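Reviewing the structure listed below.
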Amino acid sequence: MKNEGARLAVALLLIIAGMHYLGDPIASGYGLQAAAAAKAWDYVLRGLGGAAVLLLCGLLARRPLVWPFVLWGMVEDLERAGCRLAHPMTAPPPGTELFAGLCGDGPYRLGVIAAALAAARVAYLLSGENDDG
Numbered sequence: 013m014k015n016e017g018a019r020l021a022v023a024l025l026l027i028i029a030g031m032h033y034l035g036d037p038i039a040s041g042y043g044l045q046a047a048a049a050a051k052a053w054d055y056v057l058r059g060l061g062g063a064a065v066l067l068l069c070g071l072l073a074r075r076p077l078v079w080p081f082v083l084w085g086m087v088e089d090l091e092r093a094g095c096r097l098a099h100p101m102t103a104p105p106p107g108t109e110l111f112a113g114l115c116g117d118g119p120y121r122l123g124v125i126a127a128a129l130a131a132a133r134v135a136y137l138l139s140g141e142n143d144d145g
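This is the structure we're talking about:
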């Protein structure tokens, strides 16, 4: 359908423009700390944009096989944005240890578990009768 392609193009335009160009206008309201806020907002917007692109992939694929990974990726990207928003936007995020992330090691470990569950779901869907084609 011709309009479907146009809608996809508009959605991608908005997502990509938002990811790359919204941070500075938002940060300009932070006065002397605008440069620090711009870095923080870039981090947040990349997470939101990544989740939006994954959602589009899932909707376009229209296959159950991709949804475990779409959802896992969206959770990871939204966690990235949410964890950065949990800290002051004008200060650098706190230092983290390896395998911890901004929200600590709990959410990091949940991401690894989500990856394993997504892989198990796909293995199930690929086994015999459950293949979605």
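In our numbering, the protein residues as written are 13 to 145.
Each residue gets a CB set at the ideal place from its N, CA and C atoms; glycine is no exception.
Since the model is a prediction, treat every value here as computed from it, not as a measurement.
Check, Outcome
"Buried or exposed: which applies to Leu-44, given that a residue is buried once 16 or more other Cβ atoms fall within 10 Å of its Cβ?", "exposed"
"Just checking my contact of Gly-59 with Asp-89 at CB under 8 Å: how many whole Å lie between their CB atoms?", "5 Å"
"If we require 4 or more residues per run, which alpha helix (DSSP H) segments fall completely within the stretch 20-56?", "35-39"
"With distances taken between CB atoms, is the gap from Trp-84 to Ala-127 smaller than 9 Å?", "yes"
"So, Ala-93 versus Tyr-55, is the Cβ gap smaller than 9 Å?", "yes"
"Sorted by chain position, which residues of the same chain lie with C-beta nearer than 6 Å to Ala-39's C-beta, five sequence neighbours on each side aside?", "Ala-46, Ala-49, Ala-50 and Trp-53"
"Please identify the residue among Ala-112, Leu-122 and Thr-108 whose C-alpha is closest to the C-alpha of Val-87.", "Leu-122"
"Alpha carbon to alpha carbon, how far is Arg-74 from Glu-16?", "14 Å"
"Given this structure, state the Cα-to-Cα distance separating Phe-111 from Gly-118, to the nearest angstrom.", "10 Å"
"Taking Cys-95 and Leu-114 to be in contact with their CB atoms under 8 Å, please state how far apart those CB atoms are, rounded to whole angstroms.", "4 Å"
"Run through DSSP, which three-state label would Phe-111 get?", "coil"
"Pick out the complete alpha helix (DSSP H) segments inside the stretch 52-94, 4 residues or longer, and give them in chain order.", "none"
"How would you call Val-124, buried or exposed, if buried means at least 16 neighbouring beta carbons within 10 angstroms?", "exposed"
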